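If you read the sequences in order, they're chains A and B. The first sequence lines up with residues 1 to 247 when you count with this note's numbering. The second sequence lines up with residues 1 to 247 when you count with this note's numbering. Every residue, glycine too, gets a C-beta built ideally from N, C-alpha and C. Remember, predicted model here, so these are calculated numbers, not experimental data. First comes the structure, then the notes that go with it.
There are 2 protein chains.
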Amino acid sequence: MNSTRPQATSQRLKVRRQLAAAAMELFATKGYEATTVDEIAAAAGVARRTFFRHFRSKEEAIFPDHDDTLVRAESVLDAAPAHENPIDTVCRGIKEVMRMYAASPAVSVQRYKLTREVPALREREIASVARYERLFTRYLLGQFDEHSHNGDQPLLAEVAAGAVVTAHNHVLRRWLRADGHGDVERELDHAFAIVRRTFGTLPAIAAAAPAAVASPRGEVLVTVARTDAPLSEVMRTIEEALHQPQR
Amino acid sequence: MNSTRPQATSQRLKVRRQLAAAAMELFATKGYEATTVDEIAAAAGVARRTFFRHFRSKEEAIFPDHDDTLVRAESVLDAAPAHENPIDTVCRGIKEVMRMYAASPAVSVQRYKLTREVPALREREIASVARYERLFTRYLLGQFDEHSHNGDQPLLAEVAAGAVVTAHNHVLRRWLRADGHGDVERELDHAFAIVRRTFGTLPAIAAAAPAAVASPRGEVLVTVARTDAPLSEVMRTIEEALHQPQR
Numbered sequence: 001m002n003s004t005r006p007q008a009t010s011q012r013l014k015v016r017r018q019l020a021a022a023a024m025e026l027f028a029t030k031g032y033e034a035t036t037v038d039e040i041a042a043a044a045g046v047a048r049r050t051f052f053r054h055f056r057s058k059e060e061a062i063f064p065d066h067d068d069t070l071v072r073a074e075s076v077l078d079a080a081p082a083h084e085n086p087i088d089t090v091c092r093g094i095k096e097v098m099r100m101y102a103a104s105p106a107v108s109v110q111r112y113k114l115t116r117e118v119p120a121l122r123e124r125e126i127a128s129v130a131r132y133e134r135l136f137t138r139y140l141l142g143q144f145d146e147h148s149h150n151g152d153q154p155l156l157a158e159v160a161a162g163a164v165v166t167a168h169n170h171v172l173r174r175w176l177r178a179d180g181h182g183d184v185e186r187e188l189d190h191a192f193a194i195v196r197r198t199f200g201t202l203p204a205i206a207a208a209a210p211a212a213v214a215s216p217r218g219e220v221l222v223t224v225a226r227t228d229a230p231l232s233e234v235m236r237t238i239e240e241a242l243h244q245p246q247r
Numbered sequence: 001m002n003s004t005r006p007q008a009t010s011q012r013l014k015v016r017r018q019l020a021a022a023a024m025e026l027f028a029t030k031g032y033e034a035t036t037v038d039e040i041a042a043a044a045g046v047a048r049r050t051f052f053r054h055f056r057s058k059e060e061a062i063f064p065d066h067d068d069t070l071v072r073a074e075s076v077l078d079a080a081p082a083h084e085n086p087i088d089t090v091c092r093g094i095k096e097v098m099r100m101y102a103a104s105p106a107v108s109v110q111r112y113k114l115t116r117e118v119p120a121l122r123e124r125e126i127a128s129v130a131r132y133e134r135l136f137t138r139y140l141l142g143q144f145d146e147h148s149h150n151g152d153q154p155l156l157a158e159v160a161a162g163a164v165v166t167a168h169n170h171v172l173r174r175w176l177r178a179d180g181h182g183d184v185e186r187e188l189d190h191a192f193a194i195v196r197r198t199f200g201t202l203p204a205i206a207a208a209a210p211a212a213v214a215s216p217r218g219e220v221l222v223t224v225a226r227t228d229a230p231l232s233e234v235m236r237t238i239e240e241a242l243h244q245p246q247r
């Protein structure tokens, strides 16, 4: 959200990460409650007022990258190809969050353990996640067919954005619990395919997208598509319906 | 979550609500940052240690009813009829939250305004919501067909629970922004019908439920149902698909 120059941004990130590393270290060794902002600043070699230029509170200090990740996610949305399914765009957007965690697995795993132990840190993390959800909700809302006005669009956008974020967090949490082992990107794509199957056929979200549904026990598969839908999209929808994990 | 006797519970609720009213009043007049726990306790006529028997922090004090509402929501799940669609059960569960807000519209609206202005209060509220989501996720997970083991069930349960909670919060927020005016229960049922249409056909969640899908422009409606599905359920699914708001 900052419009600082690249060099200033890089210096800013360096200070934020130093403060974050100091906070993580102190929370882990001394305990969250017993650690003060002054101690975090001192351990990072900066003044108390510098700390408060970067973070509002000590619980914010261990999440130095959410602001920049939010900006990157927004760039992904802004640069989306015109004909991409908006749900897919949002999935690509939140991948920026996963990449941020996956870039430093050890730090991410240690931080996850802290958030599990300290309610204030967990709540801080939950609040960060809510910001991504709001970004994606606004984006999806802007993608509705402008000719189909209906009062349910804000609800649909919020529910669909929430589903993508929930799927992402689910996979992320599983990866963190496994100490950062496993192919998190592949797991994420699998989770997104499930969300895509659930929401991809919502008429208001993807007005021109084909719909396919398999019957519960797999005896029947029914597909409905507009005559002007691209064949590749129809094939993909059928293929996804055939690979529903419940079969 | 407390196993105190009814009388003790009623006394407990009275003190919690006195503290909450005092906190709301002080946050609104003096400002959130400037208000101390000691002042809240004094305004409610109790000792500081009594405050901390009820709330962990001053930001918790304006939400006195979430603990009890969570217990009530859990009771709804525990008492659900055997053949109810689990998504419907969860919708009935979260109605307890809406009722809690709707029971005192003026307080709810004032508190909402505070949460919009004070990030710490908003984060506290978001954290409370997360507790309902976890309850519903666990419930849905327990409702899957025990014979169909698949690794996606935890994800599906979490995404579906999240959708119900998101739909609820969306309607609640709209009602609070309208200063508590409007038929919130009817709005909620409408929102739940949308979620139900989206998730009701997930094979793993409702193995025997019929599925219906309308084509984007409404030229075609296709329904698939098992031969042993109740006719009323099939009719309802078709009716819901025909009333999709996008048509």
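- Assigned with DSSP and collapsed to three states, residue 132 (chain A) falls in helix.
- In its chain, beyond the 5 residues on either side, 121, 122, 125 have a beta carbon closer than 7 Å to the beta carbon of residue 115 (chain B).
- Residue environment analysis places residue 9 (chain B) among the exposed positions, since fewer than 16 neighbouring C-beta atoms fall within 10 angstroms of its C-beta.
- Between residue 38 (chain B) and residue 48 (chain B), the C-beta spacing is below 8 Å.
- Residue range 105-117 is occupied by the alpha helix (DSSP H) that includes residue 105 (chain B).
- Three or more Cβ pairs closer than 8 Å define a contact, and the stretch 61-70 of chain B falls short of that threshold against the stretch 157-170 of chain B.
- A contact is defined here as three or more CB-CB pairs under 8 Å, and the stretch 14-33 of chain A fails this definition with respect to the stretch 88-97 of chain A.
- A Cβ-Cβ separation of about 11 Å leaves residue 132 (chain A) out of contact with residue 77 (chain A) under the 8 Å criterion.
- Chain-ordered listing is empty here: chain A has no CB closer than 9 Å to the CB of residue 54 (chain B), the nearest sitting near 16 Å.
- Against chain A, the CB of residue 170 (chain B) has a partner CB under 8 Å away; the residue lies at that interface.
- Contacts with chain A at 8 Å (Cβ-Cβ) include residue 152 (chain B).
- Nearest CB-CB separation between residue 195 (chain A) and chain B: below the 8 Å threshold.
- Chain A places a beta carbon closer than 8 Å to that of residue 159 (chain B), counting this residue as a contact.
- Our two residues, residue 82 (chain A) and residue 74 (chain A), have alpha carbons roughly 16 Å apart in a direct line.
- With 16 or more other Cβ atoms from the protein chains shown falling within 10 Å of its own Cβ, residue 58 (chain A) counts as buried.
- At least one beta carbon of chain A lies nearer than 8 Å to the beta carbon of residue 126 (chain B).
- Taking a beta-carbon distance threshold of 8 Å, residue 135 (chain A) does not count as an interface residue toward chain B.
- Nearest CB-CB separation between residue 198 (chain A) and chain B: below the 8 Å threshold.
- At a cut-off of 8 Å between C-beta atoms, residue 166 (chain A) counts as an interface residue with respect to chain B.
- In the structure shown, residue 16 (chain A) falls within a helical segment according to DSSP collapsed to helix, strand and coil.
- Residues of the same chain with a CB within less than 6 Å of the CB of residue 136 (chain A), apart from the 5 flanking positions on each side, are 90, 161 in chain order.
- Collapsing the DSSP output to three states places residue 75 (chain B) in a helix.
- Remark: C-beta atoms of residue 88 (chain A) and residue 197 (chain A) do not approach each other more closely than 8 Å.
- When Cβ-Cβ separations below 8 Å define contact, residue 162 (chain A) makes contact with chain B.
- Residue 71 (chain B) is classed as exposed because its beta carbon has fewer than 16 other beta carbons within 10 Å across all chains shown.
- Within chain A, no residue has its beta carbon less than 7 Å from that of residue 60 (chain B); the closest one is some 10 Å off.
- The contact set of residue 191 (chain A) on chain B, defined by CB atoms closer than 9 Å, consists of 152, 155, 159 in chain order.
- For residue 123 (chain A), the C-beta contacts it makes with chain B under 9 Å involve 123, 124, 126, 127, 130, in order along the chain.
- DSSP places residue 54 (chain B) in the helix class (H, G or I) of the three-state scheme.
- Nearest C-alpha to residue 16 (chain B) among B:43, B:110, B:143, B:51: B:51.
- When the five nearest sequence neighbours on each side are left out, the beta carbons in the same chain lying within less than 8 Å of the beta carbon of residue 24 (chain B) are those of 62, 107, 110, 111, 114, in order along the chain.
- Nearest to residue 43 (chain B) by C-alpha distance, out of B:143, B:183, B:26, is B:26.
- Separation of residue 144 (chain B) and residue 153 (chain B) (C-alpha to C-alpha, rounded to the nearest whole angstrom) is 8 Å.
- At the C-beta level, residue 175 (chain B) and residue 184 (chain B) come within 8 Å of one another.
- Counting along the chain, residue 37 (chain B) sits inside the alpha helix (DSSP H) bounded by residues 37-44.
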